[in-house]
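What follows is one structure encoded as structure tokens, with my remarks underneath.
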Amino acid sequence: MSKVYHLYRGGMPAKKPEEVNNKMEANETRQDTGQEYPESREELIELLKQKEAEAKECREMMLRYAAEIENLKKSFKREKEEYFKYALESFMKELLPFVDNLERALEAAKQTNDVKALIEGIELTLKGLLQTLEKFGLKQFEVAIGDAFQPELHEALAVEETQEHPEGAVVRTFQKGYTLHERVIRPALVAVAKKPQEKETSGDAGEAQNNS
């Protein structure tokens, strides 16, 4: 069977109709996706090499970023540990003079046996210590006898019967309380008043016995 050729103007054989249709469909696909596909093996190999290089570059970049993030985490952890380790440095320095004063007061008392001077030295040291603590927000709050019991400030350790104060009033302080920046960190330990129980008179007791 003889082959039938469709000739171009130059006399060259034309492509088959199905090849022409496939070519047109491929061109339409390229236009739809906006991508240029390689038409030869060499172009495909070159494109693959290019994509491999881009993937390698992206992978290396991700590894660098991951390493930088890990280094930042380690650095932040070290800085955090250092901060908490030395956060009280300035506070401790403020306390050292009071330790020195107490040591000197004790040494002087041993040499002179002057108890009065020792007491005065301790009182001055305590006063200075409380003032220093206030600089850092720690305050001692006083509880006066007769103050109403407040659960947020006081902790009752005992109950004492008395007629001098209303029931529930503070009648004794065992330990002072402290606040840190307006927050109670230790309540004052107190005793509160309670009305005494009425004792039975002898007449009432005898009547109760007769009734029994």
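For the sequence shown, the working numbering assigns the number 1407 to the last residue and increments by one with no breaks. Note that the Cβ used here is the ideal one computed from N, Cα and C, for glycine as well.
Relative to the Cα of Ala1353, the nearest Cα in the group Leu1301, Glu1377, Glu1276, Val1365 belongs to Val1365. Note that the C-beta distance between Leu1324 and Phe1293 is below 7 Å. The three-state reading of DSSP puts Thr1320 in helix, counting H, G and I together. The continuous alpha helix (DSSP H) containing Ile1264 extends over residues 1236 to 1281. A direct Cα-Cα distance of roughly 11 Å separates Lys1322 from Gln1335.
If you draw a 10 Å sphere on the C-beta of Pro1391, you find fewer than 16 other C-beta atoms in it, and that means exposed. With respect to the 7 Å criterion, Leu1333 and Tyr1281 are not classified as neighbours on the basis of their beta carbons. DSSP lists Glu1356 as the bridge partner or partners of Lys1389. Per the coordinates, the alpha-carbon of Leu1301 lies some 34 Å from the alpha-carbon of Phe1279. The residues Ala1300, Ala1304, in chain order, have a CB closer than 7 Å to that of Leu1313 in the same chain once the five nearest residues on each side in sequence are set aside. The alpha carbon of Leu1328 has as its nearest neighbour, out of Cys1253, Lys1389, His1376, Arg1236, the alpha carbon of His1376. Here DSSP, grouped into helix, strand and coil, assigns Leu1325 to helix. Here Ala1383 carries a strand assignment [DSSP, helix/strand/coil].
Inclusion of Ala1383 and Val1338 in the CB contact set at 7 Å is warranted, their separation being smaller than that value.
Residue pairing from DSSP places Glu1350 in a beta bridge opposite Leu1384. For Val1294, there is no enclosing beta strand (DSSP E); the enclosing alpha helix (DSSP H) has its first and last residue at 1284 to 1307.
CA-CA distance, Arg1273 to Glu1284, rounds to 17 Å.
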